[in-house]
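Trainee:
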Amino acid sequence: MTDQGIKQQLRAIVDAARERRAEDVTVLDLTDVSSTLEYFVICTATAGLQLNAVQENIREKAQAAGLPRPSVEGPSERWLLLAFGGSVVVHIMTKDAREYYDLEGLWSDAQVLDFPETPAG
Numbered sequence: 001m002t003d004q005g006i007k008q009q010l011r012a013i014v015d016a017a018r019e020r021r022a023e024d025v026t027v028l029d030l031t032d033v034s035s036t037l038e039y040f041v042i043c044t045a046t047a048g049l050q051l052n053a054v055q056e057n058i059r060e061k062a063q064a065a066g067l068p069r070p071s072v073e074g075p076s077e078r079w080l081l082l083a084f085g086g087s088v089v090v091h092i093m094t095k096d097a098r099e100y101y102d103l104e105g106l107w108s109d110a111q112v113l114d115f116p117e118t119p120a121g
């Protein structure tokens, strides 16, 4: 997968999360700090319905961008994880879970990739 290709897939995930009002969408590039993981996308949603809406939209848009069907871990009321093969893992978490697990802190050596908001067309 080219760098450009993976960036387009990550962009599709970020946009899909934002379309469903997920907040604080962060993309971590783990390629230099992990031998098994490549990218984390972390976002915040309120429990229940919004968490599910974000997850469904991400799944749909990611597959349209060429990612494989994800395996879903969880699902709990606080944290849902979508694993797209070995390359991209999406964490959709409530604010409480995100603060508690502090994935950004845990992976503070990872590079944060910037996907600015795209103006609504």
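The opening position of the sequence shown corresponds to residue 1 in the UniProt record's numbering, with each subsequent residue numbered one higher.
Heads up, the beta-carbon is just placed ideally off N, CA and C, and yes, glycines get one too.
So which of G66, G105, C43 has the shortest CA-CA distance to T2?
Mentor: Numbered from its first residue, the sequence shown carries residue 2 at position 2. Cα-wise, what sits closest to T2 is G66.
Trainee: In its own chain, which residues sit with a C-beta less than 8 Å from the C-beta of V89, not counting the 5 before and 5 after it?
Mentor: Residue 89 sits at position 89 when you count from the first residue of the sequence shown. So the list reads L37, Y39, F40, V41, L81, L82, A83, once near-sequence residues are dropped.
Trainee: To the nearest angstrom, how far is it from the Cα of T44 to the Cα of E19?
Mentor: Reading the sequence shown from its first residue, position 44 is the one you call residue 44. Reading the sequence shown from its first residue, position 19 is the one you call residue 19. Roughly 13 Å separates the two Cα atoms.
Trainee: What is the C-beta distance between I92 and Q55, in whole angstroms, given that I count them as a contact (C-beta under 8 Å)?
Mentor: The residue you call residue 92 lines up with position 92 of the sequence shown. The residue you call residue 55 lines up with position 55 of the sequence shown. Indeed, because the Cβ distance is near 6 Å, the residues count as touching under 8 Å.
Trainee: For L28, name the three-state secondary structure that DSSP assigns.
Mentor: Translated into the one-based positions of the sequence shown, residue 28 becomes position 28. L28: strand per DSSP, three-state reduction.
Trainee: Indicate whether residue 203 and A110 have their beta-carbon atoms separated by less than 8 Å.
Mentor: In this structure the chain extends from 1 to 121, so residue 203 is not present and cannot be described.
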